[in-house]
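*Asks:*
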Amino acid sequence: ATTGITVAGQSGVSGPWAYLFSNPTALAVDQYGYLYVMDRGNKRIQRWWPGASYGFTVASSTTLSNPSGLSIGITGNLVVADTSNHRVISFPAVCPLPPNQVCATATWNSTFNLAAGTGTAGSTATLLYNPYDVFIDGQQSIYVVDNYNNRVQKYLAGSNVGTTVAGLSLTVGLTPTAGSASPQFNSPTGIFVDLTGIIYVADYNNYRVQKWLPGVPFGATVAGGHGSGTTLDKIGGVQAIYVDAQSNIYVSEYTNHRVSLWTAGNTTAGKLVAGTSNGVFGSGANQLYYPWGIYVISNGTLYIVDQSNHRVQKWLRTQLPNQVCATAQWNATISIVGGTTSTSGNTASRLNSPYDVFVDGYGTIYVADYSNNRIQRFTSSSVNGTTVAGALTSGSGYSQLYLPTAIFLDANRTLYILDSGNYRVQKWLYGEPLGFTVAGGYGYGSTANKISTSYGLFVDRQSNIYISDTANHRVVFWQARNTTTGRVIAGGNGASIGANQLYNPRGIFVDSTNALYIADYSNHRVQKWLSGASNGITVAGDPSGASGSLVYQLTNPTAVIVDQYGNIYVLDSGNRRIQKWEPGSTFGITVVYEPSLSSPLGMRFGSTAPVTTTTPKPLTQIPNQICPGPSWSSTFATVAGTGISGTSASTLYNPFSVYIDGLDTMYIADYNNHRVQKYLSGSTVGIQVAGFGTTVGTTGVYLNKPTAVSVNSNGVIYILDSLNYRVQQWSPGQPMGITVAGGRGQGAAYTQISTSYALYVDAQSNIYISDCGNSRIHFWAFGNTTAGKMVAGNNVAGNGANQLNCPWGIYVTSNGTMYIVDRNNHRIQQWLP
């Protein structure tokens, strides 16, 4: 882009109000897209929801003195380089409790407490008038649908004074301001509050569901809003709603005797999930009669209070595999659904080199946890897995596995496991503690009754088993109930590029015609093998076997899926992308590119067609992970420095920047000590990792007033050496750094940088420099130390959309979008790639 978009603050206007900044210096972005801005002049940190017109103060202190740097710790704590106080402080995050948690032996006291309202109708902050629904969030705040007052009231834990968080204020007396405008309700009935604090309200007489962002004075229609009716673009009178973890909205249509589902982002029409579409009530198993309350559990099962039938109905969720809408696109932002990035382990929340993944029709995820010798099951709402097969101890017994590499789950929830280290396939019935062998199990070999080291598995509807026998360069077929021998159906003619050959095949897929698709790993192609054929046809990748990153090439593909339209999806492991090849196409289209992937191996469609992959453990945790719906304590802790300037290991002198890695280790640019200090988690004693004592210099061992620091997953440190006008790269344990950007004195040429205060290093080791003195962002591609290029600003200070004025903090998303703290313009600019 040649111009930026102001996403926070106002150009050239400073101030203390929620929509303004005063000389902001730094920012961070969490996994939800929230911006966290170090608002230096106002001594606060502001949090901005994407698209909001103002921010919320989440942390502040009047004792801050020229704070410069901001980073998010691994527990969501906000860490500030409090520059002129010569310290680094941390504001701890307070995460909400998970909803609906009850101890196993709970009993309830018959004496109730009054939590909101007084028993008398009214419209003041302490009164309610026909409250209809209530929701309690993880902070124990109570949200009440105040029906006759056409508002939603929020009561903080322990308070009996409500604050209106949705709906217009009332006129004098008890007359509500009912209406259909975006700030209004007309007899609201149901409510749901998600983990980020977004409020969803069933607006009964407006036949719609309204979504209210925190602090925003109006709502947006996310379901209905087209009048009353029984067509699926309309909803009837609604008594209750439920919003799942994917922001899909379930609507209990009281007067239409049905429950409809409005998927996230779709405001055009819902789809029927319970009851009948024509609005006819009844008592049959497929009917409802004035449904009221609803609840959806993590596997998609829907519970409905069927009021006038005097019953509660349970509706199971069903889903055909690999169903994708015809014009599907995938969001570039990934979410972690199992395991902890950068950290291996054997607890319920950890994985150790996961090799394959399977997603059932309920959105439940099964993971082949390779180095833990087990299969883990993750429900759609939990990051803690349950072991459903195997144990942490490897072995060949019926209850054990040894390095499982692939899994498949059939419609009966029977699990098939490619138990690679035992050279067998185990079949594990749902809920059973033991598995039994259905293929192989006779040791390593190439005879018909044996398999070798293998990485791909598929089970068809007749329970026939297909095994990608990798080390034997073949795919073998074991017919259902035949556990004695298999037969070769593809390859088996040596490791090479011929049409009848394979070379280290990995993932496989069998379509409804029994055509076999093979990720031919070392041939960098996908082969399609028709049923009974002796040769395969290259349907993706270069037929010559050449690897590469061009659109017609693949590099070490590991998994393949085919959707209902015949489109082929290839996990192009070596290129860290997923390629979609349409039928007959000679090139692929990148539908997902994620540079943070590390040797991805397995891939499946989820129940709503998100693509799920597995990767072995990387080195560090993904940065800037925040729990949903947090708050921050106003009581901070000093985590580095003492508040008094100094040169010792426990003191700092004008710290400018702080970086926190996935091990909770802090790296601090200690500006006036001309060094970078490293603080291990919990320690207040720093270790010098860059610079030579506190001496100024220009050679590789010295720094001169470093202002910013970043650390990659390999522990390599990048330092913005401000008065040497360069970026130094410092490898772990090395006594000196090397210049990777600038280093040719102060200037505006593309070979130079000026006074600068922030940098960002992406996953490809490209460097973005926030060049304050030149009012630009300078990009230096990895390996190019000669000259950078200007990617934002125009070298002239100003407040135009194409200009910056002394930019400081910078953050770059995985798709290349830049967020820039435009300090002297008191704004945050978004610069699209």
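In this text, residue positions in the sequence shown follow this note's numbering: the first is 10, and each later residue adds one.
Idealized CB from N, CA, C, for every residue including glycine.
Because the structure is a prediction, the values reported are computed rather than measured.
Report the rounded CA-to-CA distance for Arg383 versus Arg433, giving the unit in angstroms.
*Replies:* For Arg383 and Arg433, the distance between alpha carbons rounds to 15 Å.
*Asks:* Scan the region 43 to 98 and note each continuous beta strand (DSSP E) run of 3 residues or more that stays entirely inside, going in chain order.
*Replies:* DSSP runs (the beta strand (DSSP E)) wholly in the region 43 to 98: 44 to 48, 53 to 57, 65 to 69, 76 to 81, 87 to 91.
*Asks:* Using the Cα positions of Trp739 and Ser719, report the straight-line distance between them to the nearest angstrom.
*Replies:* One C-alpha to the other measures close to 10 Å.
*Asks:* Could you check which residue in Asp419, Leu563, Gly430 has the C-alpha nearest to that of Thr402?
*Replies:* It is Gly430 whose Cα lies nearest to the Cα of Thr402.
*Asks:* Could you tell me if Asn421 is buried or exposed, where buried requires 16 or more neighbouring beta carbons within 10 angstroms of its beta carbon?
*Replies:* It is exposed - the Cβ of Asn421 has fewer than 16 other Cβ atoms within 10 Å.
*Asks:* Tell me where the beta strand (DSSP E) around Val648 begins and ends.
*Replies:* First-last of the beta strand (DSSP E) with Val648: 646 to 650.
*Asks:* Considering Cα atoms alone, identify which of Arg613, Asn118, Gly147 is closest to Val579.
*Replies:* Nearest of Arg613, Asn118, Gly147 to Val579, Cα basis: Arg613.
*Asks:* Please confirm whether Ile829 and Gly13 have their CB atoms less than 8 Å apart.
*Replies:* Contact flag set, yes.
*Asks:* Assess contact between the region 153 to 170 and the region 195 to 215, defined as three or more Cβ pairs (one per stretch) separated by less than 8 Å. Is contact present?
*Replies:* They touch, by the three-pair rule.
*Asks:* Return the chain-ordered list of same chain residues with a C-beta closer than 7 Å to the C-beta of Asn355, the five sequence neighbours on each side being excluded.
*Replies:* Counting only Cβ-Cβ distances below 7 Å, and skipping sequence neighbours, we find Asn361, Asn381, Leu401.
*Asks:* Using the Cβ count rule (16 or more neighbours within 10 Å means buried), how would you classify His787?
*Replies:* Buried, by the Cβ-count rule.
*Asks:* Using the Cα positions of Asp243 and Gly234, report the straight-line distance between them to the nearest angstrom.
*Replies:* Asp is not the amino acid found at residue 243; the sequence shown has Lys there. Cα to Cα, the separation comes out at about 7 Å.
*Asks:* Look at the alpha carbon of Ser640 and the alpha carbon of Thr129, and state the distance between them as a whole number of angstroms.
*Replies:* Each residue's Cα considered, the two are about 33 Å apart.
*Asks:* Starting from Trp221, trace the beta strand (DSSP E) in both directions and tell me its first and last residue.
*Replies:* 217 to 221 is the extent of the beta strand (DSSP E) around Trp221.
*Asks:* Among Gly171, Tyr526, Ser93, which one has its Cα closest to the Cα of Tyr662?
*Replies:* The shortest Cα separation from Tyr662 among Gly171, Tyr526, Ser93 belongs to Ser93.
*Asks:* To the nearest angstrom, report how far apart Val601 and Gly50 are at their CA atoms.
*Replies:* Near 40 Å, if we compare the C-alpha coordinates of Gly50 and Val601.
*Asks:* Which class does Leu732 belong to by DSSP, given the choice of helix, strand or coil?
*Replies:* It is helical.
*Asks:* Identify whether Gly430 lies in helix, strand or coil by the three-state DSSP scheme.
*Replies:* Gly430 falls in the helix class under three-state DSSP.
*Asks:* By the three-class DSSP mapping on this structure, what secondary structure does Gly199 have?
*Replies:* If DSSP states are grouped into helix, strand and coil, Gly199 belongs with the strands.
*Asks:* Starting from Pro715, follow the beta strand (DSSP E) in both directions and report where the run begins and ends.
*Replies:* That run of the beta strand (DSSP E) goes 715 to 720.
*Asks:* Is it buried or exposed, Lys459, if we count other Cβ atoms within 10 angstroms and call 16 or more buried?
*Replies:* Counting Cβ neighbours within 10 Å, Lys459 comes out buried, since at least 16 surround it.
*Asks:* Using the rule of at least 16 other Cβ atoms within 10 Å of the residue's Cβ for burial, across every protein chain shown, is Asn122 buried or exposed?
*Replies:* Asn122 is exposed by the Cβ-count criterion.
*Asks:* What's the gap between the Cα of Asp529 and the Cα of Gly279?
*Replies:* Cα-Cα distance, rounded: 41 Å.
*Asks:* Given a threshold of 16 other Cβ atoms within 10 Å of its Cβ, counted over all protein chains shown, does Gly82 qualify as buried or as exposed?
*Replies:* So Gly82 ends up on the buried side.
*Asks:* State the start and end residues of the unbroken beta strand (DSSP E) segment that holds Gln686.
*Replies:* Per DSSP, Gln686 belongs to the beta strand (DSSP E) from 684 to 688.
*Asks:* Can you tell which of Gln838, Ala254, Trp301, Val648 has the C-alpha that lies nearest to the C-alpha of Ser269?
*Replies:* When each option's Cα is compared against that of Ser269, the closest is Trp301.
*Asks:* I'd like the span of the beta strand (DSSP E) that includes Leu606, first residue to last.
*Replies:* Note, Leu606: premise wrong, no beta strand (DSSP E); not H, not E.
*Asks:* Assuming His683 and Tyr727 form a contact by the criterion Cβ under 8 Å, report the distance between their Cβ atoms to the nearest whole angstrom.
*Replies:* Contact flag wrong, Cβ pair sits at about 16 Å.
*Asks:* At the level of alpha carbons, what is the spacing between Leu183 and Ser132?
*Replies:* Reliability fails at Leu183, whose pLDDT of 40 lies under 50, so the model's placement of it is uncertain and the value that follows must be treated cautiously. If I take the Cα positions, the gap works out to 6 Å.
*Asks:* I'd like to know whether the C-beta of Thr414 is nearer than 8 Å to at least one C-beta of chain B.
*Replies:* Here chain B cannot be found, since the structure has a single protein chain.
*Asks:* In the DSSP assignment, find the unbroken beta strand (DSSP E) run with Val366 in it and report its ends.
*Replies:* That run of the beta strand (DSSP E) goes 363 to 368.
*Asks:* Cβ of Gln839 within 8 Å of Cβ of Thr826?
*Replies:* Cβ atoms of Gln839 and Thr826: closer than 8 Å.
*Asks:* Helix, strand or coil for Ser23 per DSSP?
*Replies:* Strand at Ser23.
*Asks:* Find out if the Cβ-Cβ distance for the pair Phe518, Val569 is shorter than 8 Å.
*Replies:* Yes, Cβ-Cβ distance for Phe518 and Val569 is below 8 Å.
*Asks:* Look up Arg832 in the DSSP assignment and say whether it is helix, strand or coil.
*Replies:* Arg832: helix per DSSP, three-state reduction.
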